[in-house]
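A.B. asks: Quick note on the working numbering: the sequence shown kicks off at 14 and runs consecutively.
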Amino acid sequence: MLEPMRPSELRFVTHAWDPARAAELEGDEVALLVYRSNLLGSDLRITNFGGGNTSAKITEPDTFDPGRTTDTLYVKGSGGDLGSLTRDGLASLSLARLRALAKLYRGPAGEDEMVPLVEQCVVHGSRVAPSIDTSLHTFLPFRHCDHLHPDAVIAIAASEDGEGLTREIWGGEMQWVPWLRPGFGLALLLAQCVVEHPSLRGIVLQNHGMFSWGETSLECYENSLELIERAASRLDAKAGGPTTDLAFGRVTRVALPAVERRARAVALGPTLRGLVGRDRRVVGQFRDDDVVLDFLSREKSPALVQAGTSCPDHFLRTKIRPLLLDLPPTAPVEDCQRRLTVLMDEFRAAHAAYYERCKHDGSPPMRDTAPAIVLAPGVGMWSFGPTAVDARIAGEFYVNAIRVLWGAESVSCYRGLPEQEAFDIEYWALEEAKLRRRPPERPLARQVVFVTGGASGIGLACAERMLAEGASAVLSDVRADVLEEAVAALARRFGRDAVRGAVVDVRSAASVRGGFAEAVLAFGGIDIVVNNAGLSVSKSLPETSESDYDLMNDVMPRGSFLVAQEAVRILREQGTGGSIVYVVSKNALVAGPNNVAYGTAKAAQLHQMRLVATEAGASGIRVNAVNPDAVIKGSSIWSGGWAQGRAEAYDVPVERLGEFYAQRTLLKKEIEPADVAAAVFAVASDLFSKTTGAVIPVDGGVAMAFPR
Ligand SMILES: [Zn+2]
Numbered sequence: 014m015l016e017p018m019r020p021s022e023l024r025f026v027t028h029a030w031d032p033a034r035a036a037e038l039e040g041d042e043v044a045l046l047v048y049r050s051n052l053l054g055s056d057l058r059i060t061n062f063g064g065g066n067t068s069a070k071i072t073e074p075d076t077f078d079p080g081r082t083t084d085t086l087y088v089k090g091s092g093g094d095l096g097s098l099t100r101d102g103l104a105s106l107s108l109a110r111l112r113a114l115a116k117l118y119r120g121p122a123g124e125d126e127m128v129p130l131v132e133q134c135v136v137h138g139s140r141v142a143p144s145i146d147t148s149l150h151t152f153l154p155f156r157h158c159d160h161l162h163p164d165a166v167i168a169i170a171a172s173e174d175g176e177g178l179t180r181e182i183w184g185g186e187m188q189w190v191p192w193l194r195p196g197f198g199l200a201l202l203l204a205q206c207v208v209e210h211p212s213l214r215g216i217v218l219q220n221h222g223m224f225s226w227g228e229t230s231l232e233c234y235e236n237s238l239e240l241i242e243r244a245a246s247r248l249d250a251k252a253g254g255p256t257t258d259l260a261f262g263r264v265t266r267v268a269l270p271a272v273e274r275r276a277r278a279v280a281l282g283p284t285l286r287g288l289v290g291r292d293r294r295v296v297g298q299f300r301d302d303d304v305v306l307d308f309l310s311r312e313k314s315p316a317l318v319q320a321g322t323s324c325p326d327h328f329l330r331t332k333i334r335p336l337l338l339d340l341p342p343t344a345p346v347e348d349c350q351r352r353l354t355v356l357m358d359e360f361r362a363a364h365a366a367y368y369e370r371c372k373h374d375g376s377p378p379m380r381d382t383a384p385a386i387v388l389a390p391g392v393g394m395w396s397f398g399p400t401a402v403d404a405r406i407a408g409e410f411y412v413n414a415i416r417v418l419w420g421a422e423s424v425s426c427y428r429g430l431p432e433q434e435a436f437d438i439e440y441w442a443l444e445e446a447k448l449r450r451r452p453p454e455r456p457l458a459r460q461v462v463f464v465t466g467g468a469s470g471i472g473l474a475c476a477e478r479m480l481a482e483g484a485s486a487v488l489s490d491v492r493a494d495v496l497e498e499a500v501a502a503l504a505r506r507f508g509r510d511a512v513r514g515a516v517v518d519v520r521s522a523a524s525v526r527g528g529f530a531e532a533v534l535a536f537g538g539i540d541i542v543v544n545n546a547g548l549s550v551s552k553s554l555p556e557t558s559e560s561d562y563d564l565m566n567d568v569m570p571r572g573s574f575l576v577a578q579e580a581v582r583i584l585r586e587q588g589t590g591g592s593i594v595y596v597v598s599k600n601a602l603v604a605g606p607n608n609v610a611y612g613t614a615k616a617a618q619l620h621q622m623r624l625v626a627t628e629a630g631a632s633g634i635r636v637n638a639v640n641p642d643a644v645i646k647g648s649s650i651w652s653g654g655w656a657q658g659r660a661e662a663y664d665v666p667v668e669r670l671g672e673f674y675a676q677r678t679l680l681k682k683e684i685e686p687a688d689v690a691a692a693v694f695a696v697a698s699d700l701f702s703k704t705t706g707a708v709i710p711v712d713g714g715v716a717m718a719f720p721r
């Protein structure tokens, strides 16, 4: 027997159970299960995002016979995440019915037919699909069970000598169960293991993770932590355990300094995003933390990258292996771009061949053949997915994978799953069903929007609209404080992953390049650019100074020129088309008094839009304009004397200016930023995929301003 550990003795996992919080939940076993799950899921070393599941078997009054009790299994729903699990994310099932299913199980060939039977055991009308692992929890004779994917335990589970290490580390309190895909077969094997070893505290699942249990939520939690702690401390170098030199070999490739890594990532990002997103766009994320750079700098990393990842959850997020750039970080950028193109073709061909080799009758169709993880030694790692959140999670998974490789190579040799087993998980009908349960993609899913002047007014409304349509967005603005507030507000609504801010002065080419670099690092590149930054002055010809005139022209036509130039360069490198929308003005077409500087600048922007459209069309890049008029609400243009100036020019009181503008339109409607944003979204989206060089008025109908 191992000596039990006190919470204070744990060094690699954190005992975060708060007795006061637990006391508040006392008597509500489901609440305690959610609490325990959240604690376990909040540490990615204990279980990767969306990975693992927890359960409780609770004795309750029988709904149909209140004099009697019945046992209900509460288990995490399929695809949910432990860290953010709520009561609604749990499936509830009749334990008696679930256990009766053992009689209907006809062996490995009948595995998938058990799934709809499990779904028939649902009680209390719970709406989430029960986890694929439900059966694993069903036959274990313990009230509370945790199935986790801790890096330290997977390292043992993916070691050549995993069974011996299991005996050595846990002294017979954990048993080794050989690899078997989750399902009734594995469930019955686990139950048998417990019968044969009555004093067992947990089970190591080869190439997968662990099971642990307890009679109360707290007992289960502490048991899980302690079992993980023992694996982690065995792998710890400071405690006399292995070093990174032992695990990954010596350093053979030194990483570039941080500034150069970033510059390299910016230079390669669009090419890479274009290659990965050739068939379907993807959002990418770059990271260069120490764990990634150190791994890539080591002698053994090229071979270990090819060995692939192990835990079943990984295949769907990271594919079975990443793409590794095999050039030094100092090689010319053009050489790297060319090499990536070749490697990408090879990767796609290899995936197609793997699919052909391993597929069965009835396998789901081959998915996108592009890699999800791309590694560049000395530079860092890109991860890709349909959204910014997916891209981040794929990257987190590969960091988990590096830790697993490290652990396994420290104490033994890493052994991934055999290819056929990996395929059977990646293309498992049940995993396919999980993917199909994802909500349908929104119109701008997989796209990245860059909006200038994005901190307020029309720019902010455009960013908001396109985020709501599924895009990721970079808001750029010259006003750092207003920008920070706007980004924070959008992040609260749409999630931190989807929104970034970049302080940009569009008058400076360097500043514009810096803004786009932020977009490339955060999302891999861009798809839609809204040339919106602007300001105004209302002065008569004699009153207009040289600096008034220059400022209007510097910010608007010169600024939009610099933005379009950099945008087209990046979009061409990506090679997946794109869309640029100029927010111009009715004043580009209609001459009014006291408007010589602003009106000239807007007219120049409108023609610039057409000129850029003629050059960019061959690259599949569409360029269009939206001409708003009289957007007063929320617009910074109307502060700073402009409204007053316009009111004087038209000889109406300033407070009646909005009404004045509305009344002189055909529709007699006031224009709001959201109206302009709707037009910008529409013309930027695939709804207008065959339109370029067009001008769309959003002005309530001003006949004088009809484009001709
Ligand atoms: Zn698992």
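Every residue, glycine too, gets a C-beta built ideally from N, C-alpha and C.
#1: Just the Cα atoms here: how many angstroms apart are phenylalanine 463 and threonine 678?
#2: Alpha carbons only, please: which of Glu228, Gly175, Gln188, Ala614 is nearest the one belonging to valine 417?
#3: Need the endpoints of the alpha helix (DSSP H) that valine 625 sits in, please.
#4: What residue range does the alpha helix (DSSP H) around glutamate 37 cover?
#5: Determine the burial state of lysine 646: buried for a count of at least 16 other Cβ atoms within 10 Å of its Cβ, exposed for fewer.
#6: Report the three-state DSSP secondary structure of asparagine 66 (helix, strand or coil).
#7: Is the region 624-640 touching the region 580-596, taking contact as three or more C-beta pairs under 8 Å?
#8: In this structure, what does DSSP give as the bridge partners for methionine 187?
#9: Considering just the uninterrupted stretch of the alpha helix (DSSP H) at alanine 523, what are its terminal residues?
#10: Where are the alpha helix (DSSP H) runs, 4 residues long or more, that stay fully inside the region 448-486, in chain order?
#11: Just curious, the alpha helix (DSSP H) that arginine 659 is in, first and last residue?
#12: Assign alanine 316 to buried or exposed, taking buried as 16 or more other Cβ atoms, counted over all protein chains shown, within 10 Å of its Cβ.
#13: Shorter than 7 Å, the distance from the beta carbon of asparagine 326 to the closest heavy atom of ligand 1, or not?
#14: Just the C-alpha distance for arginine 449 and serine 107, rounded to the nearest angstrom, thanks.
#15: According to the Cβ coordinates, are arginine 266 and proline 390 closer than 8 Å?
#16: Taking only three categories from DSSP, how would you classify histidine 210?
#17: Which residues mark the beginning and the end of the beta strand (DSSP E) in which arginine 361 is found?
#18: Based on Cα-Cα distance, which residue from Arg330, Leu353, Pro399 lies nearest to tyrosine 440?
#19: Counting Cβ pairs closer than 8 Å, one from the region 147-165 and one from the region 77-92, do we hit at least three?
#20: Measuring alpha carbon to alpha carbon, tell me which residue in Met187, Ala476, Glu312, Asp348 is nearest alanine 501.
#21: Hey, serine 105 and serine 139 are a contact pair by Cβ (cut 8 Å); roughly how many whole angstroms apart?
#22: Looking only at its chain, what residues have a beta carbon closer than 7 Å to the beta carbon of serine 376, apart from the 5 residues adjacent to it on each side?
#23: Within the same chain, show all residues whose beta-carbon is closer than 7 Å to that of isoleucine 145, passing over the 5 residues directly before and after it, in chain order.
#24: Under three-state DSSP, which class holds leucine 336?
#25: Could you tell me whether the region 570-587 touches the region 631-643, using the rule of 3 or more Cβ pairs below 8 Å?
#26: Give the DSSP-derived three-state secondary structure of cysteine 324 in the structure shown.
#27: Rounding to the nearest angstrom, what Cα-Cα distance links arginine 478 and isoleucine 471 in this structure?
#28: State the DSSP-derived secondary structure class of isoleucine 684, mapped to helix, strand or coil.
#29: List the whole-angstrom C-beta distance separating leucine 388 from leucine 281, where the pair is believed to meet the contact cut-off of C-beta under 8 Å.
#30: For alanine 532 and valine 495, which I take to be in contact (beta-carbon distance under 8 Å), what is that distance rounded to the nearest angstrom?
#31: So the candidates are Ser68, Leu114, Thr179; which of them puts its Cα closest to the Cα of histidine 160?
#32: Considering only their Cβ atoms, is the gap separating glutamine 188 from isoleucine 167 smaller than 8 Å?
#33: Hey, valine 26 and glutamate 232 are a contact pair by Cβ (cut 8 Å); roughly how many whole angstroms apart?
#34: Using 8 Å as the threshold, is the region 549-566 in touch with the region 657-673, meaning 3 or more CB pairs across them?
#35: Excluding sequence positions up to five away, which residues of its chain have a Cβ less than 6 Å from the Cβ of serine 212?
#36: Going by C-alpha distance, which of Asp94, Ala276, Ile386 is nearest glycine 527?
C.D. replies: Taking the coordinates as given:
#1: What you label residue 463 is simply residue 450 of the sequence shown in a count that begins at 1. What you label residue 678 is simply residue 665 of the sequence shown in a count that begins at 1. Rounded to the nearest angstrom, the two C-alpha atoms are 31 Å apart.
#2: Counting from 1 along the sequence shown, the entry for residue 417 is found at position 404. Here the closest residue by C-alpha is Gly175.
#3: The residue given as residue 625 occupies position 612 in the sequence shown. Start and end: 609-629.
#4: To locate residue 37, count along the sequence shown from 1; it is residue 24. Run containing glutamate 37: 32-38, per the alpha helix (DSSP H) assignment.
#5: Along the sequence shown, one-based indexing puts residue 646 at 633. Lysine 646 comes out exposed.
#6: Counted from its first residue, the sequence shown places residue 66 at position 53. If DSSP states are grouped into helix, strand and coil, asparagine 66 belongs with the strands.
#7: yes
#8: Translated into the one-based positions of the sequence shown, residue 187 becomes position 174. DSSP, once it has assigned bridges, lists Gly215 as partnering methionine 187.
#9: To locate residue 523, count along the sequence shown from 1; it is residue 510. 522-536 is the extent of the alpha helix (DSSP H) around alanine 523.
#10: 470-481
#11: For the purposes of this step, residue 659 is taken as the residue at position 646 of the sequence shown. That run of the alpha helix (DSSP H) goes 655-663.
#12: Start at 1 with the first residue of the sequence shown, and residue 316 comes out as number 303. Exposed, because fewer than 16 other Cβ atoms sit within 10 Å of the Cβ of alanine 316.
#13: Here the question's residue 326 lines up with position 313 in the sequence shown. For the sequence presented, residue 326 should be read as aspartate rather than asparagine. It does: the Cβ of aspartate 326 is within 7 Å (strictly closer) of some heavy atom of ligand 1.
#14: Here residue 449 corresponds to residue number 436 of the sequence shown, with the count starting at 1. Here residue 107 corresponds to residue number 94 of the sequence shown, with the count starting at 1. Roughly 26 Å between the two C-alpha positions.
#15: Here residue 266 corresponds to residue number 253 of the sequence shown, with the count starting at 1. Here residue 390 corresponds to residue number 377 of the sequence shown, with the count starting at 1. Yes. Within cutoff.
#16: Taking the first residue of the sequence shown as 1, we reach residue 210 at position 197. Coil at histidine 210, not helix or strand.
#17: For the purposes of this step, residue 361 is taken as residue 348 along the sequence shown, with counting starting at 1. Run containing arginine 361: none in the beta strand (DSSP E); it sits in the alpha helix (DSSP H), 346-371.
#18: Translated into positions along the sequence shown, residue 440 becomes position 427. Closest by alpha carbon: Arg330.
#19: yes
#20: In the sequence shown, residue 501 corresponds to position 488, counting from 1. It is Ala476.
#21: Residue mapping note: residue 105 aligns to position 92 of the sequence shown, counting from 1. Residue mapping note: residue 139 aligns to position 126 of the sequence shown, counting from 1. Serine 105 to serine 139, Cβ: 5 Å. Contact.
#22: Within the sequence shown, numbered from 1, the residue matching residue 376 stands at position 363. Here the set comprises Tyr440.
#23: The residue given as residue 145 occupies position 132 in the sequence shown. So the qualifying residues of the chain are Ser91, Pro195, Leu443.
#24: The residue you call residue 336 lines up with position 323 of the sequence shown. Leucine 336: strand per DSSP, three-state reduction.
#25: yes
#26: Here residue 324 is taken as the residue at index 311 of the sequence shown, counted from 1. Coil.
#27: Within the sequence shown, numbered from 1, the residue matching residue 478 stands at position 465. Within the sequence shown, numbered from 1, the residue matching residue 471 stands at position 458. Arginine 478 and isoleucine 471: Cα-Cα distance of roughly 10 Å.
#28: Here residue 684 is taken as the residue at index 671 of the sequence shown, counted from 1. Isoleucine 684: strand per DSSP, three-state reduction.
#29: Here residue 388 refers to the residue found at position 375 when the sequence shown is read from its first residue. Here residue 281 refers to the residue found at position 268 when the sequence shown is read from its first residue. The Cβ separation is near 12 Å, so there is no contact.
#30: Counting from 1 along the sequence shown, the entry for residue 532 is found at position 519. Counting from 1 along the sequence shown, the entry for residue 495 is found at position 482. Going by Cβ atoms, the distance from alanine 532 to valine 495 rounds to 19 Å, so no, they are not a contact pair.
#31: Along the sequence shown, one-based indexing puts residue 160 at 147. Selected option, being the one with the closest Cα: Ser68.
#32: For the purposes of this step, residue 167 is taken as residue 154 along the sequence shown, with counting starting at 1. For the purposes of this step, residue 188 is taken as residue 175 along the sequence shown, with counting starting at 1. Cβ atoms of isoleucine 167 and glutamine 188: not closer than 8 Å.
#33: The residue given as residue 26 occupies position 13 in the sequence shown. The residue given as residue 232 occupies position 219 in the sequence shown. Actually they do not touch by this definition, with Cβ atoms about 16 Å apart.
#34: yes
#35: By 1-based counting over the sequence shown, the position of residue 212 is 199. Excluding residues within five positions, none has a Cβ falling inside 6 Å.
#36: Translated into positions along the sequence shown, residue 527 becomes position 514. Selected option, being the one with the closest Cα: Ala276.
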